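S.K.:
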Amino acid sequence: MSKKKVNEEQTGLPEETLQKIRHELNQFSEIEKACIFGSRAKGNFKSGSDIDIALFGGKISYKILKEVTYQLNEETTMPYFFDLVHYEKINNNALITHINEFGLCL
Numbered sequence: 016m017s018k019k020k021v022n023e024e025q026t027g028l029p030e031e032t033l034q035k036i037r038h039e040l041n042q043f044s045e046i047e048k049a050c051i052f053g054s055r056a057k058g059n060f061k062s063g064s065d066i067d068i069a070l071f072g073g074k075i076s077y078k079i080l081k082e083v084t085y086q087l088n089e090e091t092t093m094p095y096f097f098d099l100v101h102y103e104k105i106n107n108n109a110l111i112t113h114i115n116e117f118g119l120c121l
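When you line the sequence shown up against the numbering used here, it's residues 16 to 121, in that order.
1) Along the chain, where does the beta strand (DSSP E) that runs through VAL83 open and close?
2) Taking the C-alpha atoms as reference points, what is the distance between GLU23 and ASN41?
3) So the candidates are MET93, TYR102 and THR26; which of them puts its Cα closest to the Cα of LYS61?
4) Throw me the rounded Cβ distance for the LYS101 and ILE75 pair, which I believe falls under 8 Å.
5) CA-CA distance, GLU30 and ILE66?
6) Which one of LYS20, GLU39, VAL21 and THR32 has the shortest CA to CA distance from GLU90?
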């Protein structure tokens, strides 16, 4: 995962949006780290691309994952669809490799 600061050029997301995402994620103490992956991290996104985020933390339950997903998708005014995964629960090795290689931590 990249240690660089995530920015608009990489993700197509304005700094204000990145700050809002960080703010929402910071409401959940169970989240130790969060990284954008997928097209937004690889740089081949389109204007309507969703925002894939991997959440890290041993205390993240399925309930917390759903609460965070609901908060981002339904309770904010950001015009994006958020797709979240709990990194420690991923069973797909290709996805783990992708996140490890391209993930941009917030």
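Backbone N, C-alpha and C fix where the C-beta goes; we use that ideal spot for every residue, glycine too. Every value quoted in this text rests on a predicted model; they were computed, and no experiment measured them.
M.R.: Reading it off the structure:
1) The residue you call residue 83 lines up with position 68 of the sequence shown. Annotation for VAL83: no beta strand (DSSP E) segment contains it, though the alpha helix (DSSP H) segment containing it runs 77-89.
2) Numbered from 1 along the sequence shown, position 8 holds the residue referred to as residue 23. Numbered from 1 along the sequence shown, position 26 holds the residue referred to as residue 41. Each residue's alpha carbon lies about 20 Å from the other.
3) Counted from its first residue, the sequence shown places residue 61 at position 46. Closest option to LYS61, judged by alpha-carbon separation, among MET93, TYR102 and THR26: THR26.
4) Your numbering for residue 101 matches position 86 in the sequence shown. Your numbering for residue 75 matches position 60 in the sequence shown. The displayed chain sequence assigns His, not Lys, to residue 101. Rounded, the Cβ-Cβ distance is 5 Å, consistent with contact.
5) Within the sequence shown, numbered from 1, the residue matching residue 30 stands at position 15. Within the sequence shown, numbered from 1, the residue matching residue 66 stands at position 51. When rounded, the distance between both Cα atoms is 14 Å.
6) Position 75 of the sequence shown, counted from the start, is the residue given in the question as residue 90. GLU90 has its Cα closest to that of GLU39, out of LYS20, GLU39, VAL21 and THR32.
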